[in-house]
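Residue numbers (the working numbering): 1 to 347.
We put the CB at the ideal spot given by N, CA and C, even for glycine.
Beneath this line is the structure, given in structure tokens, with notes to follow.
Right under this line is the structure:
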């Protein structure tokens, strides 16, 4: 196949899956659902109930107004470069609802009218998961926050946020996660992520009990790759669509990982911790209802380090304790879902 033909096919595919795409006399609407670890989005105010001392003006990072306002500008700019049809964006490493309210007011994204949701949990550092949504696309109907079920003593980590709502008049459940880190080594931390995964599965099973055809999107920083036991065994997310039965889960980032694509890097190795996993009923070709199309790692050049030993890595806020005025140590993950345009289908 020559280059011109490849280019033509590529452009045709883009045209078929734009926000309102036309292909073979049918029209598709597309919506984007994403996740972004914002890497320590702290305010500058001391909270006596949290271990936020590092991120204070007199803390290790000298976290004052200048750095905070620059962090907001960086995060909001990254979001502004995501597709305009971004309906929902899960976030992690967020100190409180106040920083999300500051974020959505930033000039670069204020026109999107994003609304924040966050429920504070017991994490010792004081960071939580949250959700930003565009009310033009998504309407929340219920919010729950679930504590991880574990027998490990003194185990305090992020709660798991579940926001149910309507996307294009269809019920969908968004679960936002930040599973326990690998701190202390895999032997110590693996059981913690196993418990986190079992908790996520419990949430899914509860949703399936209410509606066996529930459309569920699980997204977050899992601190494990798509092939690790927490994801494959304890959560039960599969990497092949054809093997996913009703009330089972498909990992949309599995194939990306197998191609060597990652969302963060450490010691010259790439991991894909920032995953998006969906339930069976988002699969298939019946576009009369919302269906999965594709997932990508949003690894645009402006988000990358362009020189030095970390060239190609995500350009983070701090590196080796030095303020680099970057974005995050993670790339975002974005997923597209599509549906027939009812107006055209009714003609």
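Length of the line joining the Cα atoms of residue 230 and residue 72: Within the chain shown, the letter at position 230 stands for residue 230. Within the chain shown, the letter at position 72 stands for residue 72. C-alpha separation (whole angstroms): 33 Å.
Alpha carbons only, please: which of 339, 340, 318 is nearest the one belonging to residue 60? Indexing the chain shown from 1 puts residue 60 at position 60. For residue 60, the closest C-alpha among the options 339, 340, 318 is that of 318.
What do you get for residue 29, buried or exposed, if any count of 16 or more other CB atoms within 10 angstroms of its CB means buried? Counted from its first residue, the chain shown places residue 29 at position 29. Under this definition residue 29 is a buried residue.
Does residue 141 come out as helix, strand or coil in the three-state DSSP assignment? Here residue 141 is taken as the residue at index 141 of the chain shown, counted from 1. The answer is strand: DSSP assigns residue 141 an E or B state.
Should residue 215 and residue 255 be called a contact, given that it needs their Cβ atoms to be closer than 8 Å? Position 215 of the chain shown, counted from the start, is the residue given in the question as residue 215. Position 255 of the chain shown, counted from the start, is the residue given in the question as residue 255. Taking 8 Å as the cut-off, the beta carbon of residue 215 is found no closer than this to the beta carbon of residue 255.
Quick one: what's got a C-beta closer than 7 Å to residue 248's C-beta in the same chain, skipping five residues either side? Locating residue 248 in the chain shown gives position 248, where the first residue counts as 1. So the qualifying residues of the chain are 236, 238, 280.
Could you check whether residue 118 and residue 76 sit closer than 8 Å to each other, using their CB atoms as the reference points? Sequence index remark: in the chain shown, residue 76 carries index 76 (1-based). Sequence index remark: in the chain shown, residue 118 carries index 118 (1-based). Not in contact: residue 76 and residue 118 (Cβ atoms no closer than 8 Å).
How is residue 296 classed by DSSP in three states: helix, strand or coil? In the chain shown, residue 296 corresponds to position 296, counting from 1. Correct three-state label for residue 296: strand.
Nonlocal neighbours in the same chain, by C-beta distance under 8 Å from residue 101, ignoring five residues either side: What you label residue 101 is simply residue 101 of the chain shown in a count that begins at 1. Within the same chain, and ignoring the five residues on either side of residue 101 in sequence, the residues whose Cβ sits closer than 8 Å to its Cβ are 116.
Return helix, strand or coil for residue 36, following the three-state DSSP convention. Sequence index remark: in the chain shown, residue 36 carries index 36 (1-based). Here residue 36 sits in strand by DSSP.
Beta carbon of residue 212 nearer than 8 Å to that of residue 152: For the purposes of this step, residue 212 is taken as the residue at position 212 of the chain shown. For the purposes of this step, residue 152 is taken as the residue at position 152 of the chain shown. Going by C-beta atoms, residue 212 is not nearer than 8 Å to residue 152.
Would you mind sorting residue 330 into buried or exposed? The rule is 16 or more other CB atoms within 10 Å of its CB. Here the question's residue 330 lines up with position 330 in the chain shown. With 16 or more Cβ atoms within 10 Å of its Cβ, residue 330 is classed as buried.
For the beta strand (DSSP E) containing residue 275, list its first residue and its last residue. Counting from 1 along the chain shown, the entry for residue 275 is found at position 275. Counting along the chain, the unbroken beta strand (DSSP E) around residue 275 starts and ends at 274 to 279.
Alpha carbon of residue 161 to alpha carbon of residue 143, nearest angstrom: Position 161 of the chain shown, counted from the first residue, corresponds to residue 161. Position 143 of the chain shown, counted from the first residue, corresponds to residue 143. Taking the straight line from one Cα to the other gives about 7 Å.
Where residue 23 falls: helix, strand or coil (DSSP): On the chain shown, position 23 is the one that residue 23 refers to. Unreliable positioning characterises residue 23 in this predicted model, as indicated by a pLDDT of 47, which lies under 50. The coordinate reading is nonetheless provided below. Strand, per DSSP.
Would you mind stating whether residue 121 and residue 159 have Cβ atoms separated by less than 8 Å? On the chain shown, residue 121 is found 121 positions in, with the first residue counted as 1. On the chain shown, residue 159 is found 159 positions in, with the first residue counted as 1. Between residue 121 and residue 159, the gap from beta carbon to beta carbon is short of 8 Å.
Going by the beta-carbon positions, is the gap between residue 275 and residue 253 smaller than 8 Å? For the purposes of this step, residue 275 is taken as residue 275 along the chain shown, with counting starting at 1. For the purposes of this step, residue 253 is taken as residue 253 along the chain shown, with counting starting at 1. Cβ distance < 8 Å, so residue 275 and residue 253 count as in contact.
Cut-off 8 Å between Cβ atoms - residues of its own chain near residue 110, not counting five sequence neighbours on either side: Mapped onto the chain shown, residue 110 falls at position 110. Counting only Cβ-Cβ distances below 8 Å, and skipping sequence neighbours, we find 104.
Backbone secondary structure at residue 101 - three-state DSSP: As a working note, residue 101 is residue 101 in the chain shown. In the structure shown, residue 101 sits in a helix (DSSP, three-state: H, G or I).
Taking residue 335 as part of the beta strand (DSSP E), name the residues at either end of that continuous run. Within the chain shown, residue 335 is the residue found at index 335, counting from 1. Residues 333 to 340.
Start and end of the beta strand (DSSP E) containing residue 87? Counting from one through the chain shown, the residue named residue 87 turns up at place 87. If you look at residue 87, you'll find it in the beta strand (DSSP E) that goes 86 to 94.
Between which residues of its own chain and residue 141 is the CB-CB distance below 8 Å, once the five residues before and five after are set aside? Taking the first residue of the chain shown as 1, we reach residue 141 at position 141. Same-chain partners within the cutoff: 164, 165, 166, 171.
Among 300, 303, 290, which residue has its Cα nearest to the Cα of residue 32? Here the question's residue 32 lines up with position 32 in the chain shown. Cα-wise, what sits closest to residue 32 is 290.
Using C-beta distances below 7 Å, list every residue in its chain close to residue 203, excluding the 5 sequence neighbours before and after it, in chain order. The residue given as residue 203 occupies position 203 in the chain shown. Cβ neighbours of residue 203 beyond the five flanking positions: 146, 160, 162, 175.
Quick test of your reading: residue 93 and residue 37, contact by CB under 8 Å. State the CB separation rounded to the nearest angstrom. By one-based count along the chain shown, residue 93 stands at place 93. By one-based count along the chain shown, residue 37 stands at place 37. The C-beta separation of residue 93 from residue 37 comes to about 6 Å, placing the pair in contact by the 8 Å criterion.
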